Amino acid sequence: MTRGLYFSTMGMLANMAQLDNISNNLSNADTTGYKKDEITFKAYLEKEFRNYNSTDFSKGRHIGYMETALISDETKPIMSQGKIEETNNPLDFAIFGDGFFKIERNSKIFYSRNGEFKRNQEGFLITSDGDYVLDINNKRIQIPEKFNVDEKGNIYNGNQLTGQKIAVVNLKNPSKFGINLFTGNEISTENYKIMQGGLEKSNVNTLKEMINLINANRAFNILEKSVQTQDLMTGKIIESAQRI
106 MTRGLYFSTM GMLANMAQLD NISNNLSNAD TTGYKKDEIT FKAYLEKEFR
156 NYNSTDFSKG RHIGYMETAL ISDETKPIMS QGKIEETNNP LDFAIFGDGF
206 FKIERNSKIF YSRNGEFKRN QEGFLITSDG DYVLDINNKR IQIPEKFNVD
256 EKGNIYNGNQ LTGQKIAVVN LKNPSKFGIN LFTGNEISTE NYKIMQGGLE
306 KSNVNTLKEM INLINANRAF NILEKSVQTQ DLMTGKIIES AQRI
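By my numbering, the letter at position 73 of the sequence shown is numbered 178, and the numbering carries on one by one without gaps.
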């Protein structure tokens, strides 16, 4: 009975993590450049399993001695391409393919797929949060009022190169920092194109996430009822034992 309560409770916790993750994906479905998160699960084995010696048969083992339960393992961003929407705003940029823009925030470098940029009063290219966009030399990018960018990030003032190029790098095992920033070890990439005048939408499939939400809710409710039933049965067993 106790084991059943344990399994059901652990299952509820796993489903709660799944529900929180799905809700977060849905709430950011309209966030530019957002990459949906996906939770992986693993079986949890009680501590004794790690010390189990399969060749030692001198001591008896009860059947079902090793308890397992499903628990959330880690949350990973899914880096599939989002749909690119044309905006015709020269300060909007989208990456088609691999890679991230390099962003400077509080003297630290982060990475983002959100190319919704602005030009500040000093002429620097910044994000909507006020962070600086960096070039391939990790320098802040300064742009003229009228400029063009080619598909590899080279910046032009009319027909003349300005000497700066928007940095696009890939990451090994990217990890999220907040909603739309990433950290990780840089690796070079040429498998990309920059589109000026466009933005990458999130890669959240709203319909699929809604179905996942319904299924996770159903599973949670089933486990919740199971806990209530087992709790009721445990109470009856205790009550019966007291009468003996």
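Quick reminder that beta carbons are idealized off the backbone N, C-alpha and C, glycines included.
Because the structure is a prediction, the values reported are computed rather than measured.
Query: Other residues of its chain near Arg155: CB distance less than 8 angstroms, five sequence neighbours each side excluded; Result: With a pLDDT of 49 at Arg155, under the threshold of 50, the modelled position of that residue is not reliable, and the figure given next carries that caveat. Closer than 8 angstroms at Cβ, skipping near neighbours: no residue.
Query: Bridge-paired residues (DSSP) for Lys207; Result: Tyr216
Query: Phe204 to Thr294 span [Cα, whole Å]; Result: The sequence given here places Gly at residue 204; Phe does not occur at that position. In a straight line, the C-alpha of Gly204 is about 7 angstroms away from that of Thr294.
Query: Lys207 beta carbon less than 8 angstroms from that of Leu239; Result: yes
Query: Supposed close pair Ala134, Ser280 - CB separation, criterion 8 angstroms; Result: Not really, about 21 angstroms apart at Cβ, beyond 8 angstroms.
Query: Bridge partner(s) assigned by DSSP for Asn275; Result: Ile292
Query: CB of Asn253 within 8 angstroms of CB of Gln301, strictly; Result: yes
Query: Supposed close pair Ile292, Lys313 - CB separation, criterion 8 angstroms; Result: So it is not a contact: roughly 30 angstroms between Cβ atoms.
Query: Beta-carbon spacing of Asn243, Tyr139 below 8 angstroms; Result: no
Query: Per DSSP, the bridge partner or partners of Asn259; Result: Lys270
Query: Local Cβ density within 10 Å of Ser217, reported as buried at 16 or more and exposed below that; Result: buried
Query: Continuous beta strand (DSSP E) stretch holding Gln301: start and end; Result: 297-301
Query: Backbone secondary structure at Asp234 - three-state DSSP; Result: coil
Query: C-alpha gap between Tyr170 and Asn129, whole angstroms; Result: Bear in mind that a pLDDT of 48 at Tyr170, under 50, signals an unreliable position, so the number given afterwards is only what the model happens to contain. Near 38 angstroms, if we compare the C-alpha coordinates of Asn129 and Tyr170.
Query: Three-state class that DSSP yields for Asp125 in the structure shown; Result: helix
Query: Nonlocal neighbours in the same chain, by C-beta distance under 7 angstroms from Asn296, ignoring five residues either side; Result: Gly202, Asp203
Query: For Lys188 and Ile127, the rounded distance between their alpha carbons; Result: 20 angstroms
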